[in-house]
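Structure first, commentary second.
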Amino acid sequence: AFAPVVAAWAREHNPDMDRVNPRGGAMAIGHPLGSTGARLLTTLLHELEDEDGEYGLVTMCCGGGLGTGTLIQRV
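Residue numbers 24 to 98, in my numbering, belong to the letters of the sequence shown in order.
Laid out in structure tokens, this is it:
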């Protein structure tokens, strides 16, 4: 959700930034209380359909130093 985290990750891993958050992250698309995960997964599914993508990854923090990741394969 915060730019410094992504900036540090990008500096370390040098990804193709055109493929990172193509529709924006949680704050850019809206941060609905209680349904953030559903919102992010729905956005990922739309992106995979629109771009004819095969794989997508959603990550989010859970608070207290925890986090989760979900890898989706479009079949």
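In this text, a Cβ means the ideal position worked out from N, Cα and C, and glycines have one as well.
Beta-carbon gap between Leu-89 and Leu-80 smaller than 9 Å: Taking 9 Å as the Cβ cut-off, Leu-89 and Leu-80 do not qualify as a contacting pair.
Going by DSSP in three states, Gly-86 sits in which element: helix, strand or coil? DSSP places Gly-86 in strand when its eight states are reduced to three.
Contact under 9 Å by Cβ, Arg-97 with Glu-77: Yes, these two residues count as a Cβ contact at 9 Å.
Reference Arg-62, options Ala-26, His-36, Met-40, Met-83, closest by Cα: In terms of CA proximity to Arg-62, Met-83 leads the group Ala-26, His-36, Met-40, Met-83.
Please list, in chain order, all residues of the same chain as Pro-71 whose beta carbon is under 6 Å from its beta carbon, the five residues on each side excluded. It is worth fixing the name first, because residue 71 is Leu in this sequence and not Pro. Closer than 6 Å at the Cβ level, and outside the excluded window around Leu-71, lie Gly-79, Arg-97.
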